[in-house]
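In my numbering, the protein residues as written are 1 to 190.
Next up, the structure:
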């Protein structure tokens, strides 16, 4: 009679070895992947009312040398109309579409190229400091953004923090305000 090999793995010596080894491997992988995801978070999110400072705090956005940081208004369904950066000596700005280029007191956000603005994302990137006469040295700057969505304009201000360490995230997404949730943002006096 010919001996048939036992391919099931259920021999008396290792009947519990394979399931236990598989469980240990699965738990180890879960812990390693969870730690990697936590250490390399790619997205931060904020509600529109928080990003507008209605909760009483100016939101921050960090920029690093190693990579750019995106500020996305896509989740809120808003189009960027105008942007100001108080100190352009350490940060570059780019957009995913056309943005209003009118300047001065006579600018009108509903005329000319402002009518055709279609950008939803601002990409900020840290650069070595440029020497711009008249700009004092600062450790951060203010980014002001005017958007339009659902038929109304919104004003956002973000404190831009210059970072030199490893990037913690690459995008800050602005989401529409939650409906029916009290406490997400302070109520605006009417």
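Glycine residues also receive a C-beta, built at the ideal position from the N, C-alpha and C atoms. Just so it is clear, the structure is predicted and the values come from calculations on it, not from any experiment.
Simplified DSSP state of residue i, which is helix, strand or coil
| i | result |
| --- | --- |
| residue 196 | Because the chain in this structure spans residues 1 to 190, residue 196 falls outside the shown range and cannot be described. |
| residue 120 | coil |
| residue 173 | strand |
| residue 61 | strand |
| residue 20 | helix |
Contacts around residue i, its chain only, beta-carbon distance under 7 Å, and the 5 residues preceding and following it disregarded
| i | result |
| --- | --- |
| residue 117 | 79, 80, 81, 98, 99, 100 |
| residue 179 | none |
| residue 149 | 76, 77, 78, 79 |
| residue 135 | 87, 89 |
| residue 132 | 89 |
Reference residue i, options the options, closest by Cα
| i | options | result |
| --- | --- | --- |
| residue 84 | 128, 142, 162 | 142 |
| residue 68 | 160, 86, 175, 176 | 160 |
| residue 76 | 62, 47, 70 | 47 |
| residue 74 | 147, 164, 126 | 147 |
| residue 164 | 145, 59, 126, 135 | 126 |
| residue 72 | 124, 56, 64 | 124 |
| residue 145 | 162, 93, 151 | 93 |
Outcome for residue i when other beta-carbon atoms lying within 10 angstroms are tallied against a minimum of 16
| i | result |
| --- | --- |
| residue 129 | exposed |
| residue 61 | buried |
| residue 90 | buried |
| residue 155 | exposed |
| residue 52 | buried |
| residue 59 | buried |
| residue 20 | exposed |
Presumed contact (8 Å Cβ cut-off) between residue i and residue j, rounded CB distance
| i | j | result |
| --- | --- | --- |
| residue 121 | residue 70 | 5 Å |
| residue 66 | residue 166 | 7 Å |
| residue 193 | residue 87 | Here the chain covers residues 1 to 190 and nothing more, so residue 193 does not appear. |
Sequence-distant residues of its chain with Cβ nearer than 6 Å to residue i (five each side left out)
| i | result |
| --- | --- |
| residue 44 | 169, 172 |
Close beta carbons around residue i, own chain, < 8 Å, minus the five adjacent residues each side
| i | result |
| --- | --- |
| residue 119 | 79, 80, 95, 96, 97, 98, 99 |
| residue 42 | 169, 170, 171 |
| residue 175 | 45, 46, 47, 48, 75, 76 |
| residue 64 | 126, 163, 164, 165, 166, 167 |
9 Å Cβ cutoff, residue i in contact with chain B
| i | result |
| --- | --- |
| residue 116 | Given the protein chain composition of this structure (a single chain), no chain B is represented. |
Residue i Cβ short of 8 Å to the ligand HEM heavy atom set
| i | result |
| --- | --- |
| residue 158 | Ligands are entirely absent from the displayed structure, and the ligand HEM is therefore not among its contents. |
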